[in-house]
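Convert by adding 610 to the 1-based position in the sequence shown; the result is the number in this note's numbering.
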Amino acid sequence: MKILLINPAIKDKIWAGIPQNCSKDIFLFPPLGLMYMEAYLDKFSHHETKIIDALADNLSCDILKIKIEEFKPDIVGITVLTHNLKSALKTINAVKSVKHSFHLSIGGPHVTAYPKESIMLKHVDSALAGYCEKSFMDLSNAVEQHKNLKDIDGIILKTENGIYINENKQNINLDLLPFPNRIKNNFKKYYTPATQTDKVTTVISSRGCPQRCTFCNTYQKYESRSVNNIVDEIQYCCEIGVKEIYFIDDTFNVTIDRVVSIANEILKRNLKIKWGFKARCDNITAEMLEIIKKAGCVKIHYGVETGSDYGLKQLNKKITLEQIEQTFKLTKNYGIRTIAFFMLGCPHDKTKTDILNTVKFALKIKTDYAVFAIFSPYPDTISYKNAIEKGIIKKDLWMDFILNPNADVLPDTCWEEFFTKDELFKLLKSAHRKFYFRPVYILKTLLNTHSLFEFKKIFIGGISLLKIEFLNKKKKNIL
Ligand code: SF4
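Encoded structure:
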């Protein structure tokens, strides 16, 4: 059977943080979820597979239709994220409008969060919730053999008796998943934030995060691959010419031991690779930084979020400003680049001074890069529940949108208790200005570039900031 996996282009993304027309300038990640499914099918089945990344290749729906007519798939799988629902729906409608017929299945975080609503989307034949590498292969085999689909783990179907859901009970040993094929999916067209080379890829070494920050909807069940398996993948990446890896785990430093063991194994195998990861500001020690630096770690993306101890407590970050300052100082001492994430307009930000304190804190910790985003109460988070309970969000507009993503009703994406959207957008611009438009900062950043490629990326990042500066705030979907 021919199986086509599609990453939809994002034209109608709902996003509160970085405006959508700027984010692609800064990063373009490979569609790792689809690549894992493809690798699983390639290893454990006889099916012919192909991924179309409409986002990376900037494909219109018309081009997508032509490509489907050419490939003639028997099954099409499409990733759906809640924020990209409109785009995903356009893709579904487009691909189903071709003459050729096929089974259409959708998966991804949106399906996991909203299984019933997902299966009711027009043209969708089945949906798969949870991690579904094996389920998708089981689905492909069952469709080929005209078997009943009801036994497949995580499957959601429309039946004569209503919606059928088979819970995803799979407990896959992550070490058994084949590595994504980065040659077949040309890793060179992707890039990550603050990257130093043009041969970069992403790796995921664990799934989930055991913490429960109030604004985050990541899976709480934490699972890690073994150190050997992770470094085997790094080694494979080195062999195909990758020069830099960005670990996109929700939290890479859940334990210090794991990070140190990975670094030790990289050193033992003498792998020449630069790498970086997303981290909490705790679980960072001088010993750990020393060894990861030796093993090639060049950057750490820290989730700082806000600039007051009161705020950190409200967000359930279980960390203090003092610890954060210490972490940034230590990281800089070891010459590892820091990128700090902040949210402006959190539920505890009652005055402009509160927000400005977050910007001041970004300056105080002397982070190399700061990413400012507007706080957004996303569905399936504690903040979202609080927002509905407190009446900040008058109605569950996300659910209205999810039920009818074609309608011109956009969900609330800001916490508007103390500020309007316009005020928050102005404060976002001001934060960028205060942080980035400092002559000393610009000079230092340019002097610290490691390659022409990095210089080019910084230049494009600068243009993105200017785009935000001159963006028409009344444009839809910006906030
Ligand atoms: S914000 Fe980070 S630390 Fe908090 S729950 Fe999410 S992934 Fe975990």
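Quick reminder that beta carbons are idealized off the backbone N, C-alpha and C, glycines included.
Distance between residue j and residue i (C-alpha atoms, nearest Å)
i, j, result
"C671", "L638", "20 Å"
"L1075", "K1039", "9 Å"
"F797", "C847", "10 Å"
"L925", "S655", "45 Å"
"I862", "E770", "The sequence given here has Phe at residue 862, not Ile. The alpha-carbon atoms of F862 and E770 are separated by roughly 45 Å."
"L767", "A752", "14 Å"
"K660", "F1029", "47 Å"
"I636", "I910", "16 Å"
"E592", "Y724", "Shown here, the chain extends from 611 to 1089; a query on residue 592 therefore has no answer."
"D867", "K760", "42 Å"
"I1073", "A873", "35 Å"
"V810", "G906", "14 Å"
"F825", "Y912", "16 Å"
"K1086", "K1031", "For K1086, the predicted model reports a pLDDT of 45, less than 50, meaning its position is unreliable and no value from the coordinates is stated."
"K1036", "K960", "16 Å"
"I934", "D748", "46 Å"
"D652", "E658", "7 Å"
"F985", "F952", "9 Å"
"I702", "I673", "14 Å"
"Y801", "K682", "30 Å"
"L1089", "H756", "Residue placement at L1089 is flagged as unreliable, the pLDDT there being 41, under the threshold of 50; the coordinate-derived value follows with that caveat. Going by the C-alpha atoms only, they are around 46 Å apart."
"M647", "R1048", "45 Å"
"K799", "I858", "17 Å"
"K974", "R792", "40 Å"
"K700", "S707", "11 Å"
8 Å Cβ shell around residue i - same chain, five flanking residues per side excluded
i, result
"S1061", "Q806 and T807"
"R879", "V841 and Q845"
"T865", "N893"
"C956", "F825, E915, T916, G921, Q924, L925, F985 and W1025"
"Y832", "S816, R817, G818, C819, P820 and V864"
Reference residue i, options the options, closest by Cα
i, options, result
"K903", "G772, P820, N943 and K1005", "N943"
"V734", "G717, P1049, I676 and T961", "G717"
"Q830", "V841, T824, V837 and G818", "G818"
"F982", "A972, D663 and N839", "A972"
"E1027", "I929, L699, I998 and K853", "I998"
"D860", "L877, K939, E875 and A889", "A889"
"S711", "I685, I975, P989 and F1069", "I685"
"L1034", "N996, C1024 and D1006", "C1024"
"L786", "K962, S836, K794 and G772", "S836"
"W885", "I946, D919, L931 and E849", "I946"
"T689", "K744, D663 and A950", "D663"
"E854", "P803, A649, A1041 and L669", "P803"
"A980", "K744, D964, R1043 and F1065", "R1043"
"Y650", "M611, N617, I616 and K744", "K744"
"D1010", "E727, Y994 and K612", "E727"
Cβ shell of residue i (< 6 Å), same chain only, five flanking positions each side left out
i, result
"Y774", "L767"
"I620", "L665, N694 and S697"
"I992", "T824"
"S815", "R835, I840, F857 and D859"
"I949", "A804, H911 and Y979"
Beta-carbon proximity list for residue i, same chain, < 7 Å, skipping 5 on both sides
i, result
"E927", "Rather than Glu, the amino acid found at residue 927 in this sequence is Lys. Closer than 7 Å at the Cβ level, and outside the excluded window around K927, lie C823 and E915."
"A739", "V721, T722, P725, G764, I766 and N778"
"A896", "L940"
"L881", "I844, Q845 and C848"
"L899", "L940, T941, Y944 and I946"
(request) May I ask you to verify whether the stretch 1000-1010 touches the stretch 1046-1056, counting CB pairs closer than 8 Å and requiring at least 3? (result) Touching, no, given that fewer than three Cβ pairs across the two stretches are closer than 8 Å.
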